[in-house]
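Take 187 as the starting number for the sequence shown in our numbering and just add one per residue.
Idealized CB from N, CA, C, for every residue including glycine.
Step one of this worksheet: look at the structure below.
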Amino acid sequence: MTEWTLRIVERLGYIGVLVLITLENLIPPIPSEVVLPLAGFSVGQGKLNFFGVLVASTGGGLIGALILYFIGQHVGERRLREFIRSHSWIPLFSEEDIDRAHGWFERHGGATVFFGRLVPFVRSAISLPAGFSGMPLVQFILYTTVGSAIWNGVLIGLGWWLGARWESVSQYAKYFEYAVLALLAILIGRFIWRRWRGGDAQTTGEAS
Numbered sequence: 187m188t189e190w191t192l193r194i195v196e197r198l199g200y201i202g203v204l205v206l207i208t209l210e211n212l213i214p215p216i217p218s219e220v221v222l223p224l225a226g227f228s229v230g231q232g233k234l235n236f237f238g239v240l241v242a243s244t245g246g247g248l249i250g251a252l253i254l255y256f257i258g259q260h261v262g263e264r265r266l267r268e269f270i271r272s273h274s275w276i277p278l279f280s281e282e283d284i285d286r287a288h289g290w291f292e293r294h295g296g297a298t299v300f301f302g303r304l305v306p307f308v309r310s311a312i313s314l315p316a317g318f319s320g321m322p323l324v325q326f327i328l329y330t331t332v333g334s335a336i337w338n339g340v341l342i343g344l345g346w347w348l349g350a351r352w353e354s355v356s357q358y359a360k361y362f363e364y365a366v367l368a369l370l371a372i373l374i375g376r377f378i379w380r381r382w383r384g385g386d387a388q389t390t391g392e393a394s
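Pasting the structure below:
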């Protein structure tokens, strides 16, 4: 995978990055952890521009996410699950991927689209429940664009910084992912605490 990815980025430049990241959203086996560090390495060599790669990759991420959003919106959850069961040989999403993304979305709402762009395995699938639920399109585009830009910028920057060692980016990216998950845990804990405190205060007020 690395060799043909390298050829596409070298020959097509920004267009290659846009196409690969679009496909990465639709075909999960194509990882952004390979494409973007490689593009970052090319930035360090002066072959590409950082902001050009960032715009191309974020645009590709948005295109792929919108395709999945509209599939979720117009196909619906039941028919999509039936398609996945009858075409399990296609390397797309599994029902487990949809279950995981759907669970995140049900618990945390639209903000999950933003944070989901920073978490592996959820990154692409999160667009489907957003479509199922009829999330406002403008809100979806905003969260997707900002979340994608942050994640892409981190990977491109790491590839630029590591240079010829760009293939080891996945090791460093894990720390960023852990930080995102820790932040999510803190925000969720804070939300639960505030709800609990609010309910407790209301109960106390009614008792008095």
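{"Check": "Burial state of Ser-243 (16 or more Cβ within 10 Å)", "Outcome": "buried"}
{"Check": "Assigned secondary structure, Ser-313 (DSSP; H/G/I helix, E/B strand, else coil)", "Outcome": "helix"}
{"Check": "From Ala-287, Val-305, Trp-346 and Gly-250, residue whose alpha carbon lies closest to that of Phe-318", "Outcome": "Ala-287"}
{"Check": "Where Arg-303 sits in the DSSP three-state scheme", "Outcome": "coil"}
{"Check": "The region 200-211 touching the region 325-332, judged by at least three CB pairs closer than 8 Å", "Outcome": "no"}
{"Check": "CA-to-CA distance, Asn-338 to Phe-301, given in whole angstroms", "Outcome": "13 Å"}
{"Check": "The alpha helix (DSSP H) enclosing Leu-266, as first and last residue numbers", "Outcome": "263-272"}
{"Check": "Under 9 Å between C-beta atoms of Ala-316 and Gly-296", "Outcome": "yes"}
{"Check": "Proximity of Gly-345 and Gly-245 at Cβ, strictly below 9 Å", "Outcome": "no"}
{"Check": "Gly-289 in three-state terms, based on DSSP", "Outcome": "helix"}
{"Check": "Range covered by the alpha helix (DSSP H) that runs through Asn-235", "Outcome": "Unbroken run through Asn-235: none, as it is neither H nor E."}
{"Check": "CA nearest to the CA of Leu-252, picked from Trp-347, Ser-272 and Pro-322", "Outcome": "Pro-322"}
{"Check": "From Ser-313, Trp-347 and Val-332, residue whose alpha carbon lies closest to that of Tyr-255", "Outcome": "Ser-313"}
{"Check": "Extent of the continuous alpha helix (DSSP H) run through Ile-213", "Outcome": "Unbroken run through Ile-213: none, as it is neither H nor E."}
{"Check": "Limits of the alpha helix (DSSP H) - the one that Ser-319 falls within", "Outcome": "Here Ser-319 belongs to no alpha helix (DSSP H), and DSSP marks it neither H nor E."}
{"Check": "Same chain, Cβ closer than 8 Å to Ile-284, five either side skipped, listed in chain order", "Outcome": "Glu-263, Leu-266, Arg-267, Ile-270, Ala-311, Leu-314 and Pro-315"}
{"Check": "Member of Leu-248, Leu-240 and Phe-291 whose CA lies at the smallest distance from the CA of Leu-341", "Outcome": "Leu-240"}
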